[in-house]
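Those protein sequence lines, which keep their order, are chains C and B. Quick note, the first sequence lines up with residues 3 to 218 if you use this note's numbering. Quick note, the second sequence lines up with residues 3 to 218 if you use this note's numbering.
Number of protein chains: 2
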Amino acid sequence: MLINPRPSEVPAAAHDRVYRTLRSRIMYGDIAPGQAMTLRSIGEEFEVSMTPAREAARRLVAEGALSMTSSGRVSTPELSSERIEELAALRALIEVELASRALPRAHMALIERLQMINTSIAEQIARQDAVGYIRTNLEFHRTLYLRAQAPAMLAMAEQVWLQLGPTMRALYGRLRRKELPHFHRLIVASLKAGDEPGLRLAVRSDVTQGLKMLAR
Amino acid sequence: MLINPRPSEVPAAAHDRVYRTLRSRIMYGDIAPGQAMTLRSIGEEFEVSMTPAREAARRLVAEGALSMTSSGRVSTPELSSERIEELAALRALIEVELASRALPRAHMALIERLQMINTSIAEQIARQDAVGYIRTNLEFHRTLYLRAQAPAMLAMAEQVWLQLGPTMRALYGRLRRKELPHFHRLIVASLKAGDEPGLRLAVRSDVTQGLKMLAR
DNA sequence: ATGTGTGTTTTGTGATCACAAAGCGAATTT
DNA sequence: AAATTCGCTTTGTGATCACAAAACACACAT
Numbered sequence: 003m004l005i006n007p008r009p010s011e012v013p014a015a016a017h018d019r020v021y022r023t024l025r026s027r028i029m030y031g032d033i034a035p036g037q038a039m040t041l042r043s044i045g046e047e048f049e050v051s052m053t054p055a056r057e058a059a060r061r062l063v064a065e066g067a068l069s070m071t072s073s074g075r076v077s078t079p080e081l082s083s084e085r086i087e088e089l090a091a092l093r094a095l096i097e098v099e100l101a102s103r104a105l106p107r108a109h110m111a112l113i114e115r116l117q118m119i120n121t122s123i124a125e126q127i128a129r130q131d132a133v134g135y136i137r138t139n140l141e142f143h144r145t146l147y148l149r150a151q152a153p154a155m156l157a158m159a160e161q162v163w164l165q166l167g168p169t170m171r172a173l174y175g176r177l178r179r180k181e182l183p184h185f186h187r188l189i190v191a192s193l194k195a196g197d198e199p200g201l202r203l204a205v206r207s208d209v210t211q212g213l214k215m216l217a218r
Numbered sequence: 003m004l005i006n007p008r009p010s011e012v013p014a015a016a017h018d019r020v021y022r023t024l025r026s027r028i029m030y031g032d033i034a035p036g037q038a039m040t041l042r043s044i045g046e047e048f049e050v051s052m053t054p055a056r057e058a059a060r061r062l063v064a065e066g067a068l069s070m071t072s073s074g075r076v077s078t079p080e081l082s083s084e085r086i087e088e089l090a091a092l093r094a095l096i097e098v099e100l101a102s103r104a105l106p107r108a109h110m111a112l113i114e115r116l117q118m119i120n121t122s123i124a125e126q127i128a129r130q131d132a133v134g135y136i137r138t139n140l141e142f143h144r145t146l147y148l149r150a151q152a153p154a155m156l157a158m159a160e161q162v163w164l165q166l167g168p169t170m171r172a173l174y175g176r177l178r179r180k181e182l183p184h185f186h187r188l189i190v191a192s193l194k195a196g197d198e199p200g201l202r203l204a205v206r207s208d209v210t211q212g213l214k215m216l217a218r
């Protein structure tokens, strides 16, 4: 009997492809806050009928990536400053815990990988590429948190990122960064030193800094 | 022009009714872990077609209330002990923060209401009603956290409850309680005294206690 | 100008159907 | 006896359609 040589390349249902593409766009700030979309237009873009388009949209609504009016229309959310503050606090709570759990398992290979990602972030900044910056920045965090071996917590953190996606675009479009966020260096340094309190503070600061200015 | 006298009583779409009913069942431990269900049987029970049944199921999958096999079949999840530990830690993180934010706004009316709920919990314990116990226990927590005025955080907390629902049933079926969890009394006492560190400890303990024993 | 009414168009909802794949059970083979 | 094969049944997926309600635009009246 033949074993499927690539079990990860399962057919990929249509609704899942739509979901994943939209999710990436939202999480990485490809879509501005308040952007409306119809189920038919989604289906048209992905060349599927309304059924899978509706499923993908509904899934994103359930995750807070899209908001829905009482009549069923979906759009990217426009977050109030109170909600931004809440989501920033959630990021701080969850990601500090994830970093703390990753610390004892963080070996040199991981730290080098994080430094690589940091240089990549610097490139995106130089290129003024907002979407690239957001994606690479989140990749830095995800790479660290994966070491925590805590999938449920990581999923929660990603859900918060998703909710903040369109808003992050508005933020990073405003504060034109010139250099690598220096808390990333602090995170790497704390990891090297095995300094847990320092790591917790660095992560909390990194996560909070940008969003604080946006919430006012 | 007439204003709708009950704006909250909008027609209620079929898929939403299915979703809400299933969500309650899962969150309050009405369904055991590992219980499978088909889309057609859901539709049959609620006298709707497969379309709204599928939407409700998909929404619950997105929230982690149901798990899905690669072939699209859904069932209540059977959580590993690692995942239970993670979810317990998330409860601790988020709910301690919610309680802390509720504290400065907690007036006498709220405290009295919490005490009422506590006597209600004692009744459910005397009646050996597992589902009633879980529901009333969560009502205690929700009542407190509503005062925090932090809807995004509360939604996250409820999502964790939802994921733990079927497992909670298995837990409370095992440890036949005899009396009101005494951390509930500690929570109320800390609220009365305005003692924030005490409140944080009491909430963390209450949230962690039961799940710790289940995770081994 | 502003608000109002009306007809048209757009849009989400849910039912139904065809299809393919997964699950399942019994009979058969090793 | 255990494993396998084959056929039937169950099940999820996605397309299509009818329908009702919401959104919209335009004309009209104030």
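By construction, the Cβ of each residue, glycine as well, lies at the ideal position given by its N, Cα and C atoms. Source: prediction; values computed, not measured.
Relative to Y30 (chain C), the option among C:A15, C:W163, C:I123, C:D197 whose CA is nearest is C:W163. Apart from sequence neighbours up to five positions away, the residues of its chain that approach S51 (chain B) with a beta-carbon distance below 8 Å are G45, ordered along the chain.
Looking only at C:K180, C:R103, C:D18, the smallest Cα-Cα distance to R60 (chain B) is reached by C:D18. The region 116-124 of chain B makes no contact with the region 89-100 of chain B: fewer than 3 CB pairs, one atom from each, lie closer than 8 Å. The three-state secondary structure of S73 (chain C), taken from DSSP, is coil. T71 (chain C) and R171 (chain C) have their C-alpha atoms spaced approximately 23 Å apart. What L89 (chain B) touches in chain C, judged by beta-carbon distance under 8 Å, is A154, going in chain order. Looking at the DSSP output, M39 (chain B) bridges to B:V76.
Distance from the CA of A124 (chain B) to the CA of H143 (chain B), rounded to the nearest whole angstrom, comes to 15 Å. Residues of chain C whose Cβ lies closer than 7 Å to the Cβ of E65 (chain B) are, in chain order, A64.
Looking at B:F185, B:E114, B:R137, B:T23, the one whose alpha-carbon comes closest to that of L203 (chain B) is B:F185. Unbroken alpha helix (DSSP H) runs of no fewer than 4 residues, entirely contained in the region 89-123 of chain C, are not found.
Against chain C, the beta carbon of L92 (chain B) has neighbours under 8 Å at I96, A154, M155, M158, listed in chain order. With a 10 Å radius around the Cβ and a threshold of 16 neighbouring Cβ atoms, G74 (chain B) comes out exposed. In this structure, the CA atom of E181 (chain C) is about 14 Å from the CA atom of T138 (chain C). Using a CB distance below 7 Å, the part of the region 75-89 of chain B facing chain C consists of R85, E88, L89, ordered along the chain.
Here DSSP, grouped into helix, strand and coil, assigns V20 (chain B) to helix. When the beta-carbon positions are compared, A154 (chain B) and L89 (chain C) come within less than 7 Å of each other. When Cβ-Cβ separations below 7 Å define contact, R60 (chain C) makes contact with chain B. Counting only the Cα atoms, R129 (chain C) lies some 43 Å from L68 (chain B).
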